[in-house]
Every structure is written in C-alpha cells, then in structure tokens.
Amino acid sequence: MTRPLLIENARIMDPATETFINGALLAEDGQISAIHEGAAPGAPESAERIDASGLILAPGLIDMRVFTGEPGHEYRETLASAAAAAAAGGVTSFVCMPDTMPVIDDSALVDFIIRRAASANGVHVLPAAAMTKSLAGEEITEFGLLKEAGAVCFTDGRKSVGSTALLRAAFTYAANFDMPIMNHLQDAGLAGHGVMHEGLMATGLGLKSIPPEAETIPLERDLQLAALTGVRYHAAQLSSAGSVAIMARHRKLSTRLSCGVSINNLSLNENDIGSYRTFFKLSPPLRSEDDRQALIQGLKARTIDVIHSGHDPQDVEVKRRPFAEAGDGAIGLETLLSAALRLVHSGDVDLMTIFRALTIRPAEILGLSTGRIAVGAPADMILVDQDYPWVVKESDLKSRSRNTSFENARFTGKVMRTFVGGTEIYRHHEDGQ
Amino acid sequence: MGHSCDRPPQPVKDETTMARSKPQKSSGNPAGPASSVTPFKHRHLLGIAQLNQLEIVDLLDRAEAMIPISRQPRKILPTLTGKTQINLFFENSTRTQASFEIAGKRLGALVVNMSVKTSSVAKGETLVDTATTLNAMQPDVIIVRHSAAGAVELLSQKVGCSVVNAGDGAHEHPTQALLDALTIRKHKQRLSGLTVAICGDIANSRVARSNLMLLNAMNVRTRVIAPTTLLPKGIENIAAEVFTDMREGLEGADVVMMLRLQHERASGRMIPSPREYYHFYGLDAEKLAYAKPDALVMHPGPMNRGVEIDPAIADGAQSVINEQVEMGVAVRMAVLDALIADQPQVSA
Chain A
1 MTRPLLIENA RIMDPATETF INGALLAEDG QISAIHEGAA PGAPESAERI DASGLILAPG
61 LIDMRVFTGE PGHEYRETLA SAAAAAAAGG VTSFVCMPDT MPVIDDSALV DFIIRRAASA
121 NGVHVLPAAA MTKSLAGEEI TEFGLLKEAG AVCFTDGRKS VGSTALLRAA FTYAANFDMP
181 IMNHLQDAGL AGHGVMHEGL MATGLGLKSI PPEAETIPLE RDLQLAALTG VRYHAAQLSS
241 AGSVAIMARH RKLSTRLSCG VSINNLSLNE NDIGSYRTFF KLSPPLRSED DRQALIQGLK
301 ARTIDVIHSG HDPQDVEVKR RPFAEAGDGA IGLETLLSAA LRLVHSGDVD LMTIFRALTI
361 RPAEILGLST GRIAVGAPAD MILVDQDYPW VVKESDLKSR SRNTSFENAR FTGKVMRTFV
421 GGTEIYRHHE DGQ
Chain B
434 MGHSCDRPPQ PVKDETTMAR SKPQKSSGNP AGPASSVTPF KHRHLLGIAQ LNQLEIVDLL
494 DRAEAMIPIS RQPRKILPTL TGKTQINLFF ENSTRTQASF EIAGKRLGAL VVNMSVKTSS
554 VAKGETLVDT ATTLNAMQPD VIIVRHSAAG AVELLSQKVG CSVVNAGDGA HEHPTQALLD
614 ALTIRKHKQR LSGLTVAICG DIANSRVARS NLMLLNAMNV RTRVIAPTTL LPKGIENIAA
674 EVFTDMREGL EGADVVMMLR LQHERASGRM IPSPREYYHF YGLDAEKLAY AKPDALVMHP
734 GPMNRGVEID PAIADGAQSV INEQVEMGVA VRMAVLDALI ADQPQVSA
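Taken in sequence, the protein lines are chains A and B.
Residue 1 in the working numbering sits at position 1 of the first sequence; the count goes up by one each step and never skips.
Offset between the second sequence (1-based) and the working numbering: plus 433.
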C-alpha cells in the first residue's frame, strides 16, 4: 500500500464543478479521501506532505488521441516510452490508437495493449479498437468482445471510413453496446493527394491542397448518421471554421455528440509550414488563421469538448523528405498542457475551459471516473506552475521520436509533478531533468 | 369427400383453448374428419396478415386433427384425390418443400416439384410467365417460395387456383408460424397470456414477421431480442417488447424461438463475426436459465449450431425443434385441405 499523500497550500481546481479552492488534499489508497479549504485539519502520521504553494492542483490530463508504435514500430514509440512522455506532460490517461501492426482489431490485441501498458509507469493506457477489420473500411470489428476486453471506443485512427452504409452499420452496432465512435474526418476523394490547407500559402509553395470541405462534408454525413442510429459520436478532430459551425448546429439537437481539436490546430496555422517544414505536415492540415480563431471561439463556446495532443511519433526518415512525400504527424504529449496554457496567457481562453477540455470532458465521453478532483475519485493529479518559463529542447524529450512541432518553443507554464493513484510518477527538475 | 361433419358447431368462448374442449376423435376414423365445420373463406394463404383470430384457431384445430394421420401405419387421408399440387420453389429449400410434398401426398394429391433457378434480371417477368404457363396445366394449388417479398401475391393474381406462400423474401412464411403456434399450444395448452421471445435476425426474417402477427392476434406477449443492427425500424410497434440484451429479453419467457442467422449475408456489416454473435446472442444453458424452467426452445431450421444455438440446447430436454418439423406436415395438410377440399367446385 502506498503512503498517504497530503498536498497543502494548493490552488485546487475541479473542472467538473468548475470550482477553485485554496486548501489541502489528502489521497489514500489510490483515491482522493479528503479535500479541505485552508489548512489541513490533520493527516495520518505516515503521510507524505507536499507544500504546493503557488501551484495549481488539477486532475491529471486525459489525452484522447495518441499514436504509439507498439506493436510493430517500437523504434518510433513503445507504450512505455509514450507513458513516460505522458507523465512528463501531466497526462495520466491516454487513448492509444489502433493504427499499429498488427491493427488492434481483435480482443486478444486489446488484451495485449493493456498487459503491456501495465508494466509501464502507471499511466492509464486506454485502447481504442479498430472500427473496421484491418482498418480496411469494409467489415466491422467485434465491438462486443472488444468492449469486454477493455476497449474504450472504436475508431479507424488516421483513416476516415468512406462507406455510408458501413458507417451506418458501425454506428448502429456501437449503439447496441453503448460505445462511442471516434471518427477522423477526411473525404479521401476530395483530399486527393493534397498535403496542406488550400489557399494562397499552398499555391505559393506549389503544393497540392486539401479544402476544408474535405472535412465538413464527412462531418455533416456522420452527424446525420449519428442522429439516425443514436450512437455516441465523437468527431475526432475539427480543423476548420465550417466544421465548428456544423457542430454547433447539430449539438443543439443531440446530447450524444462531441468533438475534439488537436492542440496543433489551436496553436499553429498554415504559415508555420514556412519553407516546407515537414514537422508541420499534419492531418488534418494546419489551416488559416481565421480557421484557428474559429476553433478558439468554438472551444470558448464549448462547442468543442476536447483538446488532444494528436501525439504521432514518426522517425526522422519519414520526416526528412520533400514535404509532399513526408509522413503526417507530430509528437505532443509533453507539450500539450504548455501549448494550451499559451491560449490562457494570450487571453484567448480561460483556464477552466482549457482544463475541462483536457480532463473532465474526455472522462465523460469515455465514461471514466478520472478527470475530476473529488472525494472518492482516483488520485490522478498534477501540480502545475502556471507561470514557469521554459524552452522545449529536443534532447529533453522522453518520446522515442523527435518530430515535435514545438521545438525551441518558449512556453510559460509547466507540469511540476504528476501523480497516478496518489503515487508520484514524474517530478520536474530545474536542470531540465 | 372430405366434408364429414361429425363435430357440432360450438359457440366460441376462449378461442385459444378450443382445441382442448373439442370432442374430436379423429383417431378412431382415419379417413374421416379433417375439415372444420366452418369452410375456410380464403382462396389463397398468402400470409398470417389475412387471417383473424378465429381463422387461426380453426387452422390450428384442423392441423391438430391431422396429427394422427401421420402417426398411423397407413398415412393417408385421401381428401385431395385427383387434385394436382405444384411445389414451385424459386429459392432452395429442402425441408419446407419435402414437408409440403409429404402433406399433399398423404392427402392423396398428385404432387409435382418444380425448382426454378431465378435470374436476378427480369425476375418479375419470369415469374408471371411461369405462372401463366403453370396455370394452363390446371393445377388445384401452387405452393410458392420466392426470394422477393410480394412475389407470391403477384403470382396468385395470375393463376386460377389456390396459392400457398411458402416464404416470400423477408415478408411472410405463414405455415411456419402456424406450425410454431401448434407446437406451443400442444405443450402449453394455450397461447393467450404466454410470453414468447423471438431472438436473432429479426430484420431479415419472414418467420419472425409471420410469428409476430400470429402471436399478437392470439394475445401472446411478444418479445424480440436482437442487436440493433438486426432490428428493423418500427419493430417496437409490432412486438410488445424489444430487447438488445438477451438475458433481459429471456427473463421469464415461456417460449424461446431462435432464428437462423444468415451469417454469410450479415457478416461484416450487420454482425462482425459468428463468434461474437454466439457470445452475445447464441442460446446456451446460461442464457436459457433466464427463461422459465419449462420454457420451450424452438428453431425453424436449418440450425447454425454454435452460431445461434448451443448444440447441447438444440438437442436438450427443452427443445421441441424436431416436433416442429412433425407439426409442419400436419399444418400443411390442414392448409391444403382447407384451401382445396373446402372450396366449392367451380367449373371452368
């Protein structure tokens, strides 16, 4: 049994109730056992005491979109290295995507992920199972058996299922087991061989482009099918102003819809590609500044529920290619919170909205008991220094891959400590670990 | 011939229990009573939808009277001697075709089997042409199975004889529903008030549709159990209760009717795999324990053992699956007798 943990003098934030109190928190046996305003009235003699003056105590982050390389591409990222990166970023749970080799489309593979992750640092790895066998978009997977094995949702990961009939079957069948569907949105035909947002920038670079309609058309389709079938539907990642407007309209009609946005699309725009910088080649593509502003407004209006890292480790070879031939994706577990806090410091979004999108909303969508600071909840927590200045150095990253879109970025605000079940799994050291 | 009236007309009190109180002693008179006092009003049997409660009970009573014929040494009740029956099966079927053939032959009819390969092109045209041709041969009854819903009714409009629907697409299979009801009534002595759970591919099943209509007409509490992908829109208006969880759906049921999963058709779209289907919707001892201890287990056949039903349950003490087959012959004899022997002779 772990020692009881008493965190004192913290600014305790609960995104579920949207409240702050200044006080102390006691964690015992993996759970939050008491929360006190002001000084702690007393704790067990054996308790480890942490003075959290000047720090925010918040729930550990839940990242709904993380790719690893295990099984199949362990040189990019293992579950253990992803979990280490997560801990350093304050992420105590993440959904791992099924795009591995083999694809996570069978209950035995879900079981494999859970057992492999259990030997890591304690970060909860939540397997998303493939929606279609081999991600081929042709036959649905065994949703019931996958759910029993521990899958938390169904998705074809980077792929966007194109068949309307298959989507209807998948949505209907997912509703049968009350499981959420998480779909990436990109019309394959319309996107074609496009590699970045359609606009002046792409024209100037001479790159084939992807119009926002490649996202809005499948989004509209999915939302109508969700209404037809009653499924719990999560649009994995919006990137455009048009998508935010469509989502806002449909949300008025149904409470079973949710959507996410990548921190990359909230923080960056097409101009960051500069002269063919492949670390900014992402899917969905970074879009215009107007789109980014619309995403921020959507987050503020809570049309957008979730911010995720879209952590996608790619080896150097895949990125060291001409832009059009380079792989998509960037890592992001370790920079997720700091990049999100930029939006707070710039005055775009308030702190509570940011934290809701990183904790309680993912928990609610996935049906988890974490993501909140409440008595009885798991003691998955982070201590955050909102004003801590730091610079992202590639050499400090815990991920096995280096394809960060925030290299040398100057951030204000960082995770100081990360706890899972009341046990510390990460502590920041001044010398940069 | 065939119109012996040894049974006095009775006032109808409780239709579903009529069979018990009826002093019908057909066993003592093998060639005697097969027909009811009230002549069957319909020229065709196209579906359960055309029948009211009294007509259903009448057919079940007639069928019950037919049971002993097939159990006696000389299995013949020649009420249809000199009549011609054509079995016209556009869809492959072994058991239903054999059942109709035996039923006709035990009634003394001349039975001709025709298996017709359908081309998906110009189906309607072929069907009407076939009907016209057969009609010219002056049959008395045509038994039709076709993969297209409504095909049997279309054919019935083009011929001068009686037509029995032996299954049209996912629409109706009336003799199956009647034989199921007869099997239940024999064991439970009634239909009214029972709870019958129909499990499986409701969306694509003509057996489910005919059974639901018949059982609803007989005041049975009907339930359907299936994953959402196999539940057709509006089913909640047809079945009294709809379940997606098999254990909940079987709770307290008197009868469990399993349906054949067309897994070669459903696989990958409606159902990911037979393995998953069996795990959640296959009838095994653990799930069956939720039904009443004396619940009947039924299946229209042919069974996918290990897909929708555990072989041990299919062959177990609660199973009446083989009895359903026997009742099938009795029901089809009754239907043929009611349609042909009862009809006033119309000269061409």
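Positions of the beta carbon are idealized from the N, C-alpha and C atoms, including for glycine.
Residue environment, residue i, which counts as buried when at least 16 other CB atoms sit within 10 Å
{"i": "aspartate 178(A)", "result": "exposed"}
{"i": "glutamate 488(B)", "result": "buried"}
{"i": "lysine 393(A)", "result": "exposed"}
{"i": "threonine 17(A)", "result": "exposed"}
{"i": "lysine 281(A)", "result": "buried"}
{"i": "tyrosine 75(A)", "result": "exposed"}
{"i": "glycine 626(B)", "result": "exposed"}
{"i": "alanine 745(B)", "result": "exposed"}
{"i": "threonine 471(B)", "result": "exposed"}
{"i": "alanine 118(A)", "result": "exposed"}
{"i": "arginine 3(A)", "result": "exposed"}
{"i": "serine 243(A)", "result": "buried"}
{"i": "serine 638(B)", "result": "buried"}
{"i": "serine 346(A)", "result": "exposed"}
{"i": "serine 254(A)", "result": "exposed"}
{"i": "serine 163(A)", "result": "exposed"}
{"i": "glycine 157(A)", "result": "buried"}
{"i": "aspartate 439(B)", "result": "Low confidence applies to aspartate 439(B): its pLDDT is 43, below 50, so where it sits in the model is not reliable, and the reading given next is rough at best. Exposed, since its Cβ has fewer than 16 Cβ neighbours within 10 Å."}
{"i": "glutamate 215(A)", "result": "buried"}
{"i": "proline 726(B)", "result": "exposed"}
{"i": "proline 444(B)", "result": "With a pLDDT of only 44 at proline 444(B), under 50, the local geometry of the prediction cannot be trusted, and the value read off the model is given with reservation. It counts as exposed."}
Selection from the options that minimises the alpha carbon distance to residue i
{"i": "glycine 537(B)", "options": "Ile519(B), Asn652(B), Leu492(B)", "result": "Ile519(B)"}
{"i": "asparagine 737(B)", "options": "Gly626(B), Leu513(B), Asp634(B)", "result": "Asp634(B)"}
{"i": "glutamate 407(A)", "options": "Arg277(A), Ala52(A), Gln186(A), Thr141(A)", "result": "Arg277(A)"}
{"i": "lysine 508(B)", "options": "Ala763(B), Ala722(B), Arg680(B)", "result": "Ala763(B)"}
{"i": "valine 344(A)", "options": "Leu366(A), Ala47(A), Lys300(A)", "result": "Lys300(A)"}
{"i": "leucine 341(A)", "options": "Ile263(A), Arg402(A), Phe279(A)", "result": "Ile263(A)"}
{"i": "glycine 72(A)", "options": "Asp99(A), Ser46(A), Met64(A), Arg65(A)", "result": "Asp99(A)"}
{"i": "phenylalanine 67(A)", "options": "Thr423(A), His308(A), Ser258(A)", "result": "His308(A)"}
{"i": "glycine 593(B)", "options": "Ser548(B), Val574(B), Ser580(B), His579(B)", "result": "Val574(B)"}
{"i": "lysine 203(A)", "options": "Arg65(A), Glu270(A), Lys133(A)", "result": "The sequence shown places threonine at residue 203(A), not lysine. It is Glu270(A)."}
{"i": "aspartate 743(B)", "options": "Met760(B), Pro707(B), Val758(B), Pro506(B)", "result": "Pro707(B)"}
{"i": "proline 41(A)", "options": "Leu166(A), Glu325(A), Gly23(A)", "result": "Gly23(A)"}
{"i": "aspartate 687(B)", "options": "Pro733(B), Gln622(B), Ala636(B)", "result": "Gln622(B)"}
{"i": "isoleucine 104(A)", "options": "Ala120(A), Lys147(A), Ala82(A)", "result": "Lys147(A)"}
{"i": "leucine 257(A)", "options": "Ile56(A), Val415(A), Asp106(A), Leu366(A)", "result": "Leu366(A)"}
{"i": "valine 740(B)", "options": "Tyr710(B), Leu645(B), Leu664(B)", "result": "Tyr710(B)"}
{"i": "serine 405(A)", "options": "Arg302(A), Arg292(A), Arg372(A), Leu286(A)", "result": "Leu286(A)"}
{"i": "arginine 11(A)", "options": "Leu383(A), Ile425(A), Asp387(A)", "result": "Leu383(A)"}
{"i": "leucine 437(A)", "options": "Ala659(B), Gly667(B), Val657(B), Gln530(B)", "result": "With chain A covering 1 to 433 only, the question about residue 437(A) has no answer from this structure."}
{"i": "glutamine 297(A)", "options": "Asp272(A), Gln314(A), Val152(A), Leu266(A)", "result": "Leu266(A)"}
Supposed contact pair residue j and residue i - C-beta distance, whole angstroms, cut 8 Å
{"i": "leucine 772(B)", "j": "serine 526(B)", "result": "Not really, about 20 Å apart at Cβ, beyond 8 Å."}
{"i": "isoleucine 502(B)", "j": "methionine 766(B)", "result": "7 Å"}
{"i": "leucine 479(B)", "j": "glutamate 684(B)", "result": "With 8 Å as the limit, leucine 479(B) and glutamate 684(B) do not qualify as a contact, their Cβ atoms being about 35 Å apart."}
{"i": "proline 15(A)", "j": "threonine 359(A)", "result": "5 Å"}
{"i": "leucine 493(B)", "j": "alanine 614(B)", "result": "6 Å"}
{"i": "proline 180(A)", "j": "glycine 150(A)", "result": "Wrong, their Cβ atoms sit about 14 Å apart, outside the cutoff."}
{"i": "alanine 85(A)", "j": "glutamate 289(A)", "result": "In fact, because the Cβ distance is near 29 Å, the residues do not count as touching under 8 Å."}
{"i": "leucine 238(A)", "j": "isoleucine 217(A)", "result": "Not confirmed; about 13 Å, so no contact."}
Exercise for review: List in chain order: all unbroken beta strand (DSSP E) runs of 3+ residues lying wholly within the segment 219 to 253 of chain A.
Suggested key: Counting whole runs of 3 or more residues, the segment 219 to 253 of chain A contains the beta strand (DSSP E) stretches 232 to 235.
**Study point:** Selection of the segment 751 to 765 of chain B by Cβ proximity to chain A, strictly under 8 Å
**Key:** Along the segment 751 to 765 of chain B, there is no position whose C-beta sits under 8 Å from a C-beta of chain A.
Practice item. Can you check the segment 176 to 202 of chain A for any alpha helix (DSSP H) of at least 4 residues that lies completely inside it and give the ranges in chain order? Key: Counting whole runs of 4 or more residues, the segment 176 to 202 of chain A contains the alpha helix (DSSP H) stretches 188 to 191.
Exercise for review: Report the residue ranges of all beta strand (DSSP E) runs contained in full by the segment 465 to 537 of chain B; include only those spanning at least 3 residues, in chain order.
Suggested key: DSSP runs (the beta strand (DSSP E)) wholly in the segment 465 to 537 of chain B: 517 to 522.
Check your understanding: Fully enclosed by the segment 668 to 700 of chain B, which beta strand (DSSP E) runs are 3 residues long or longer?
Key -> Whole beta strand (DSSP E) segments, 3+ residues: 674 to 676, 688 to 691.
Exercise for review: Kindly provide the ranges of any beta strand (DSSP E) runs that are 3 or more residues long and lie completely inside the segment 6 to 61 of chain A, ordered along the chain.
Suggested key: Runs of the beta strand (DSSP E) inside the segment 6 to 61 of chain A: 19 to 28, 31 to 37, 48 to 51, 56 to 59.
Practice item. Identify every run of the alpha helix (DSSP H) within the segment 562 to 606 of chain B, keeping only runs that are complete inside it and at least 4 residues long; order them along the chain. Key: 584 to 589, all fully within the segment 562 to 606 of chain B.
**Study point:** Residues of the segment 473 to 495 of chain B with Cβ closer than 8 Å to any Cβ of chain A, in chain order
**Key:** So the list is empty, because no residue satisfies the distance condition.
Practice item. Could you please tell me which residues of the segment 171 to 189 of chain A, in chain order, have their CB closer than 8 Å to any CB of chain B? Key: Against chain B - using a Cβ distance shorter than 8 Å - the residues of the segment 171 to 189 of chain A are Thr172, Tyr173, Ala175, Asn176.
Check your understanding: Residues in the segment 706 to 717 of chain B with C-beta within 8 Å of chain A's C-beta atoms, listed in sequence order?
Key -> Ser706, Arg708, Glu709, His712, Phe713: these are the residues of the segment 706 to 717 of chain B whose beta carbon lies less than 8 Å from some beta carbon of chain A, given in chain order.
Point to revise | Residues of the segment 641 to 672 of chain B whose Cβ lies closer than 8 Å to any Cβ of chain A, in chain order | key: So the list reads Pro660, Thr661, Thr662, given in the order they occur along the chain.
Review point. Curious, which full-length beta strand (DSSP E) runs of at least 3 residues does the segment 63 to 102 of chain A contain?
Key: You should have 91 to 96.
Exercise for review: Check distances from the C-beta atoms of the segment 132 to 146 of chain A to those of chain B and list, in chain order, the residues that come in under 8 Å.
Suggested key: Cβ contacts with chain B: Lys133, Glu138, Glu139, Ile140, Thr141, Glu142, Phe143, Gly144, Leu145.
Point to revise | Positions along the segment 154 to 171 of chain A whose CB lies within less than 8 Å of some CB in chain B | key: Near chain B, meaning a CB-to-CB distance below 8 Å, the residues of the segment 154 to 171 of chain A are Ala165, Leu166, Ala169.
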